[in-house]
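In terms of the working numbering, the sequence shown is residues 375 to 542. Contents: one structure, followed by commentary.
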Amino acid sequence: MRTTSLSSDSELKDKLVVLNRVAKVTKGGRTFSFSALVVVGDGKGVVGHGLGKAREVSDAISKAVEDAKKNLIKVPVYKGTISHEQKGKYGAGRVLIKPAADGTGVIAGGAMRAVLEMAGVHNVLAKSHGSSNPHNVVKATLDALTRIRSPHVIAKTRKIEVSKVFEG
375 MRTTSLSSDS
385 ELKDKLVVLN
395 RVAKVTKGGR
405 TFSFSALVVV
415 GDGKGVVGHG
425 LGKAREVSDA
435 ISKAVEDAKK
445 NLIKVPVYKG
455 TISHEQKGKY
465 GAGRVLIKPA
475 ADGTGVIAGG
485 AMRAVLEMAG
495 VHNVLAKSHG
505 SSNPHNVVKA
515 TLDALTRIRS
525 PHVIAKTRKI
535 EVSKVFEG
């Protein structure tokens, strides 16, 4: 996964995707703790995910946010959408992401929606297949987003103008 360093973390927003209460069974009984999956992004093409575990909910979430800031990637967002259709996978989770026309909105399931909104994608069609586990869906979505090429790179490889990339 590509990493992106940001000069200031103050512009990053975070979104809690899932919070689980987990139990460790010992001979003295059960010990409960919490596991949090968080997605962070600046809404301008930078997004990351993190996992935090602690005995208290707030500690788990703050650990997840810190972990997410270490796993940032850059997504080429062009005119509020992505430049081309892309598939991603992680484990048994499979996702399909398609660009959409202006005004469509983010049409995606819960975990995918969080990632796309934090990345700053405003118009996109997305479908999740296989595993519905939020951890797998988030990682599969990030896999698809890392594979997306920017319109400038596509135009350069085809030796055409950027405006011709979408016109066909």
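Built from N, CA and C at the ideal position, the CB exists for glycine as well.
Contact between the segment 501 to 520 and the segment 457 to 476 is present, with at least three C-beta pairs closer than 8 Å. Distances from the alpha-carbon of residue 469 to those of 442, 481, 501 put 501 closest. The secondary-structure analysis by DSSP pairs residue 443 with nothing; it has no beta-bridge partner. Per the DSSP secondary-structure output, residue 400 pairs in a beta bridge with 403. Non-local C-beta neighbours of residue 495 in its own chain, meaning closer than 8 Å and more than five positions away in sequence, comprise 449, 451, 454, 455, 456, 480, ordered along the chain.
Annotation note: the segment 466 to 503 contains the following uninterrupted alpha helix (DSSP H) runs of length 4 or greater, listed N- to C-terminal: 484 to 493. C-alpha of residue 392 to C-alpha of residue 471: approximately 21 Å in a straight line. Looking from the CA of residue 409, the closest CA among 390, 401, 417 belongs to 390. Membership of residue 423 in any alpha helix (DSSP H) is not indicated; the residue belongs instead to the beta strand (DSSP E) covering 420 to 428. Taking each of 530, 427, 476, 537 in turn and checking the Cα distance to residue 396, the smallest one comes out for 427.
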